[in-house]
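Mapping of the sequence shown onto UniProt numbering: position 166 corresponds to residue 166, and the numbering continues sequentially without gaps.
For every residue, glycine included, the Cβ atom is placed at its ideal position computed from N, Cα and C.
Scroll down for the structure; my scribbles are underneath it.
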Amino acid sequence: MGKIHPSYLRARASRLQVIALFGLALFSLTLLFLFKVDQTRTVAGHNLEPTPWHPFPHKEFNDGSRYTRTSKFIECSYLTCRTYPDNNNNLNESSSSAADQAKNSCPSFFRWIHQDLEPWSKSGISLSTLMEAKKSAAFRITIVDGRSYADFYYDCVQSRAMFTVWSFLQLLKRYPGLVPDVDLMFDCMDRLVLNRTEYSGQIPPPLFRYCTTSAHFDIPFPDWSFWGWPEVNIEHWDDEFRSIKQGSQAKEWIKRWPRAYWKGNPDVLSPVRTELMRCNHSRLWGAQIMRQNWLEEAKGGYEQSKLSNQCKHRYKIYAEGYAWSVSLKYILSCGSLTLIISPEYEDFFSRGLLPRENYWPIYPTTDLCRSIKFAVEWGNRNPSEALRFSPNYFLLVIS
1 MGKIHPSYLR
11 ARASRLQVIA
21 LFGLALFSLT
31 LLFLFKVDQT
41 RTVAGHNLEP
51 TPWHPFPHKE
61 FNDGSRYTRT
71 SKFIECSYLT
81 CRTYPDNNNN
91 LNESSSSAAD
101 QAKNSCPSFF
111 RWIHQDLEPW
121 SKSGISLSTL
131 MEAKKSAAFR
141 ITIVDGRSYA
151 DFYYDCVQSR
161 AMFTVWSFLQ
171 LLKRYPGLVP
181 DVDLMFDCMD
191 RLVLNRTEYS
201 GQIPPPLFRY
211 CTTSAHFDIP
221 FPDWSFWGWP
231 EVNIEHWDDE
241 FRSIKQGSQA
251 KEWIKRWPRA
261 YWKGNPDVLS
271 PVRTELMRCN
281 HSRLWGAQIM
291 RQNWLEEAKG
301 GYEQSKLSNQ
311 CKHRYKIYAE
321 GYAWSVSLKY
331 ILSCGSLTLI
341 ISPEYEDFFS
351 RGLLPRENYW
361 PIYPTTDLCR
371 SIKFAVEWGN
381 RNPSEALRFS
391 PNYFLLVIS
């Protein structure tokens with residue numbers, strides 16, 4: 001057998017290297033494609049590692065459980081509650097009597113749901129009306145026979161879409177068989193789009209988002225942070241609320257620092273927050289106003305932004321941001337007297353809060369710093385009366 005020329009071996013080795021490199025590249029692209037598609041399908045365009053799901057644990061329930069009571073709330077869907085025949089009553093009772101029974105069986109805060117859906121109470125919602133809402137929607141949620149389907153139109157900020165979609169899945173898991181079929185459009189941006197003046201005499205498109213006002217048709221839905229906001233190290237509501245309550249119990253109200261406190265990001269095109277920064281003077285205005293720098297917090301492991309460590313003042317201030325702010329629920333959970341700077345927006349629970357009963361109102365039309373100082377001095381002079389301000393409505397709805 002003759003010897004193989006070295007140049008032939010080098011050429012063959014070179015061809016094998018090219019084939020190997022091509023195969024490796026193809027394999028890598030395949031893995032990348034599968035990984036990307038899988039993440040995008042799961043996280044809706046904002047990938048997190050690892051994906052921080054928060055499933056509810058499975059529980060067994062009986063007729064006297066909290067689940068049974070809550071089930072009645074869930075059954076109060078759309079504009080009425082389901083009614084069941086009573087063996088002691090005439091089954092042929094009038095429809096008006098049945099309607100009265102349904103009305104009385106719904107909790108009082110369900111009036112807001114009735115108000116939100118009133119524009120469609122007579123006409124119903126056609127497919128064309130729903131499609132009109134698609135023009136402003138980030139995604140569409142369809143629930144059929146207890147299964148949820150999502151169609152995404154554009155990416156939401158950070159993990160908003162992921163946790164909002166997850167909230168529907170948790171709802172289905174927690175109340176199996178109680179969630180009716182539904183088809184809805186959802187927008188995850190802050191600002192409202194359905195101005196009532198633009199739909200005078202017309203049926204508006206039904207669009208869900210995280211807040212609304214009396215001048216808009218946008219339908220409020222619990223914001224994504226109830227299920228987690230990992231970008232700023234905020235936990236699922238059950239865990240975060242428990243942590244805040246523990247922090248609030250470190251000092252009783254009368255032993256807390258007798259000042260008002262706010263910590264947040266003023267750089268969100270919010271005139272109220274910009275004005276609030278002027279009030280940072282404990283002796284002059286009775287307020288400690290802190291700028292929150294999330295980039296620096298991320299570098300420091302969020303040690304200075306833990307919500308459970310922000311319940312050391314007798315008074316806490318709520319100021320809206322670019323629109324409404326997710327911070328209100330955390331502020332109310334502290335057990336401090338909440339000073340709410342007259343808000344323009346409202347979420348699903350805040351519109352039920354009553355001034356001078358659940359919180360102290362601060363009106364920005366007057367001098368903001370002097371209004372805060374007046375509230376602080378009044379509360380310090382009248383501690384027993386200040387303690388009567390309680391967010392009981394908030395705690396009822398949020399639980």
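In chain order, what residues of the same chain have a beta carbon less than 7 Å from the beta carbon of residue i, not counting five sequence neighbours either side?
i, result
"H216", "L192, L194, N195, R196"
"P119", "I203, P204, F217"
"F241", "S333"
"S136", "D187, V193, L207"
"L328", "Y318, S350"
"D239", "none"
"S148", "I141, F168, L169, L172"
"R41", "Because the pLDDT of R41 is 31, which lies under 50, any placement of that residue in the model is unreliable, and the question is left without a value."
"Q292", "K263, G264, N265, S305"
"D183", "L130, T142"
"A369", "According to the sequence provided, residue 369 is Cys. The question's Ala does not apply to it. Cβ within range, chain order: R278, C279, W285."
"V326", "D223, S225"
"P383", "I254"
"S95", "Note that S95 has pLDDT 40, beneath the 50 cutoff, so the model's placement of it is unreliable and the number below is only indicative. No residues qualify anywhere along the chain."
"V387", "What sits at residue 387 in the sequence shown is Leu, not Val. Excluding positions up to five away in sequence, the list reads W253."
"L26", "Note that L26 scores 43 on pLDDT, short of 50, meaning its location in the model is unreliable; the coordinates nonetheless yield the value given after this. If we look at L26 and ignore the five residues flanking it on each side, it has no Cβ neighbours."
CB-CB under 6 Å to residue i, same chain, minus the five flanking residues each way: which ones, in chain order?
i, result
"R273", "P266, A319"
"I74", "Here I74 scores only 41 on pLDDT, less than 50, and its place in the model is too uncertain to base an answer on."
"S123", "I203"
"M131", "none"
"W224", "R160, F163, T164"
"F221", "F208"
"Y154", "A138"
"Y261", "Q288, H313, K316"
"P343", "E320"
"G300", "none"
"S243", "S308"
"M290", "K263"
"P391", "L332, N358"
"Y363", "S342"
Among all the DSSP beta bridges, which residues are the ones paired with residue i?
i, result
"Y154", "BP columns for Y154 are empty, so no partner."
"F139", "F152, F186"
"Q246", "Answer by DSSP bridge pairing: none, since Q246 is not bridged."
"V144", "R147"
"Y261", "Q288, K316"
"I234", "W229"
"H281", "A287"
For residue i, which residues from the same chain have a beta carbon less than 8 Å from its beta carbon, with the 5 sequence-adjacent residues on both sides left out?
i, result
"residue 409", "Past the boundaries of the shown model lies residue 409; the chain is included only from 1 to 399, so the question cannot be answered."
"G201", "none"
"D116", "T212, I219, P220"
"N88", "Note on N88: pLDDT 38, under 50, position unreliable in the model; no value is reported."
"F389", "L337, T338, R356, E357, N358, Y359, W360"
"residue 421", "The structure shown does not extend to residue 421, since the chain is modelled only from 1 through 399, so no value can be given for it."
Just to check my reading of the structure: residue i and residue j have Cβ atoms closer than 8 Å, yes? What is that Cβ distance to the nearest angstrom?
i, j, result
"T164", "E346", "About 18 Å; that fails the 8 Å criterion."
"S333", "K245", "7 Å"
"A133", "A161", "Actually they do not touch by this definition, with Cβ atoms about 16 Å apart."
"Y302", "N233", "4 Å"
"C311", "G379", "Rounded, the Cβ-Cβ distance is 16 Å, inconsistent with contact."
"R140", "M185", "5 Å"
"I143", "F109", "Wrong, their Cβ atoms sit about 23 Å apart, outside the cutoff."
"L307", "Y330", "5 Å"
"G352", "W112", "7 Å"
"R259", "H313", "5 Å"
State yes or no: is the C-beta of residue i nearer than 6 Å to some heavy atom of the ligand FAD?
i, result
"Q288", "Summarising the ligand content, the structure contains no ligands, and the ligand FAD is consequently not present."
So, do the stretch 334-343 and the stretch 355-364 have three or more beta carbon pairs nearer to each other than 8 Å? yes
State whether the stretch 277-297 contacts the stretch 247-254, with contact taken as three or more CB pairs (one from each stretch) at a distance under 8 Å. no
Contact between the stretch 208-223 and the stretch 285-305 (3+ Cβ pairs under 8 Å): no
To test your reading of the DSSP string, which unbroken beta strand (DSSP E) runs of 3 or more residues are found completely within the stretch 173-223? 182-186, 207-209
If you scan the stretch 330-396 from start to end, which runs of the beta strand (DSSP E) of 3 or more residues do you find wholly inside it? 337-341, 360-362
Report yes or no: do three or more beta-carbon pairs, one from the stretch 284-291 and one from the stretch 370-380, lie closer than 8 Å? yes
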